[in-house]
Structures are given as C-alpha cells and as structure tokens.
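**Student:** In my numbering, the protein residues as written are 117 to 337.
#1: Can you look up residue 303 in the DSSP assignment and give me helix, strand or coil?
#2: Between the Cα of residue 274 and those of 334, 235 and 207, spot the shortest distance and give me the residue it belongs to.
#3: Would you tell me roughly how many angstroms separate the C-alpha atoms of residue 310 and residue 220, rounded to the nearest one?
#4: Counting C-beta neighbours from all protein chains within 10 Å, is the total for residue 228 16 or more, i.e. buried, or is it exposed?
#5: I'd like the list of long-range same chain contacts for residue 256, defined as Cβ closer than 6 Å, with 5 residues on each side in sequence excluded.
#6: Ordered along the chain, which non-local residues of its own chain (more than five positions away) have a Cβ less than 8 Å from that of residue 64?
#7: For residue 328, collect the residues of the same chain with a Cβ closer than 6 Å to its Cβ; drop the 5 residues on either side in sequence, then sort them by chain order.
#8: Rounded to a whole number of angstroms, what is the C-alpha to C-alpha distance between residue 167 and residue 187?
#9: Thinking residue 199 and residue 177 are a contact (beta carbons under 8 Å), I'd like their distance in whole angstroms, please.
#10: When the Cα atoms are used, what is the spatial distance from residue 286 to residue 223?
#11: On the DSSP bridge assignment, give the partners of residue 182 in chain order.
#12: Return yes when the Cβ of residue 161 is within less than 9 Å of the Cβ of residue 202, no when it is not.
#13: If you compare alpha carbons, which of 326, 330 and 336 is closest to residue 152?
#14: Just mark residue 330 as buried or exposed, buried being the case when its beta carbon has 16 or more other beta carbons within 10 Å.
#15: For residue 225, does the three-state DSSP call read helix, strand or coil?
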C-alpha cells in the first residue's frame, strides 16, 4: 500500500513537471524547430536561445579525493555546474569539501589549491539550495549517481536522464565515456586534458536532445 502511495505521489510530481515544461517551452523559439544537434557547439550555449530557467537541466561535477575520520577515501564535490536546455549556465560554483582533501585530481578536475582556498564550503545549506533547485526538474547528466554521491543528494529516479545508462550508448553492460559518445554522435572533442564541468554538462544535454524520445521512453518511470 505504501509503495502504491509513493508511486502515485511520484506520478503526480512528474505530471506537474511535464505541464510546467510545456508552459515554459510554449514560446521557445528553438524547441519546436528541428535543428541538427550536430550543429550545436558543446563549448558554448546555442546562440540566440532561451538563457534562463528550463524544466530540463543538465548537471556535472568536478570532484576531489578526501579522507574520512575512518581513513576511507571518498570523492567529494569541488565544483557544481548546471546548464539549461540550450546549454546556458544557470549555476556554476566552486566548493571546499568539509572533509580533509588529500588529492585534487588537478589533471582531470582542473581544481588547484588556490581555487579551493577561494571557494565556499559545501555546507548543509549549500546542499539544500541545490536540492531545492533540482526538485522540480528533469536532470540530465552522465553517470549521475557519482555526482549525486559526491554532493550527498538523494534524487528521485523518475527525474533522472542518464546518458551513461541509455541502452543504445552501451556495449552490452559496458558503459561508454562521455568523451567517446560526444566524439561519435556529435563529432566534437572534449576532455582533452582537464575536464570542464560546464562543457561536460552541456555535452550530456546535447546528447540527450539528439536521442530525447528514446531516452525518455527508457528512463521516465
């Protein structure tokens, strides 16, 4: 009975989100005009498009390695980037993890000690702010559970559109990297050295847009 109640609550939230999406995109110049996604540059938002809130967003994080009191190594968020449906940046913030940082992973994360020193702490207040921001949105990304774990977020499964989980992008049970998918399906290069979470979030969004109907069919439950 409880599971049925939770399921009905989730379905109600999803229906509200879908109605809100239709309202937001009613006058959206690009939404109902077919444009080959391959023409979108993952390094920039789509020119001349809606730059504010959208009910579908894409998120990516940069992480650093930390150590817990029990001496376990864990990855924690050091940067959070969120872009809208057209790739415009809605949120881009560097953070200091509350745990002791032992490896910046600068080669990939781009995070330096100087950046970390000038960043704000990732407090419970910051976590709640991001949770509230995402609460009424469809969330696109690649290997999203890693990001959610690093941010200590608990996101409803029906909100998630994960390009790493889309069956067409996988080789059996083997997931492909975002870099490989962007090269194959968007014919663009990313992550040539340090990662940029804004570009990675935008890349996941444009991949999602190219295969949106199929990804939604697989992952909307």
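For glycine and all other residues, C-beta sits at the position ideal for the given N, C-alpha and C.
**Tutor:** Walking through what the data contain:
#1: Position 187 of the chain shown, counted from the first residue, corresponds to residue 303. Residue 303 falls in the coil class under three-state DSSP.
#2: Working through the chain shown from its first residue, we reach residue 274 at position 158. With distances taken between CA atoms, residue 274 lies nearest to 334 out of 334, 235 and 207.
#3: For the purposes of this step, residue 310 is taken as residue 194 along the chain shown, with counting starting at 1. For the purposes of this step, residue 220 is taken as residue 104 along the chain shown, with counting starting at 1. Roughly 12 Å between the two C-alpha positions.
#4: As a position in the chain shown, residue 228 is number 112, starting the count at 1. By the C-beta density criterion, residue 228 is exposed, having fewer than 16 other C-beta atoms within 10 angstroms.
#5: Here residue 256 refers to the residue found at position 140 when the chain shown is read from its first residue. 174, 277, 320, 321 and 324, listed in sequence order.
#6: The structure shown does not extend to residue 64, since the chain is modelled only from 117 to 337, so the question has no answer here.
#7: What you label residue 328 is simply residue 212 of the chain shown in a count that begins at 1. Once the five neighbours on either side are set aside, residue 328 has no close Cβ partner at all.
#8: Start at 1 with the first residue of the chain shown, and residue 167 comes out as number 51. Start at 1 with the first residue of the chain shown, and residue 187 comes out as number 71. Rounded to the nearest whole angstrom, the C-alpha separation of residue 167 and residue 187 is 43 Å.
#9: As a position in the chain shown, residue 199 is number 83, starting the count at 1. As a position in the chain shown, residue 177 is number 61, starting the count at 1. No, residue 199 and residue 177 are not in contact; Cβ-Cβ is about 13 Å, not under 8 Å.
#10: Position 170 of the chain shown, counted from the start, is the residue given in the question as residue 286. Position 107 of the chain shown, counted from the start, is the residue given in the question as residue 223. For residue 286 and residue 223, the distance between alpha carbons rounds to 27 Å.
#11: The residue you call residue 182 lines up with position 66 of the chain shown. DSSP lists 190 and 217 as the bridge partner or partners of residue 182.
#12: Within the chain shown, the letter at position 86 stands for residue 202. Within the chain shown, the letter at position 45 stands for residue 161. If you check the CB distance, residue 202 and residue 161 come in under 9 Å.
#13: Counted from its first residue, the chain shown places residue 152 at position 36. The residue with the shortest Cα to Cα distance from residue 152 is 326.
#14: Residue numbering aside, residue 330 sits at position 214 when the chain shown is read from its first letter. With fewer than 16 neighbouring CB atoms inside 10 Å of its own CB, residue 330 falls in the exposed class.
#15: Counting from 1 along the chain shown, the entry for residue 225 is found at position 109. Residue 225: helix per DSSP, three-state reduction.
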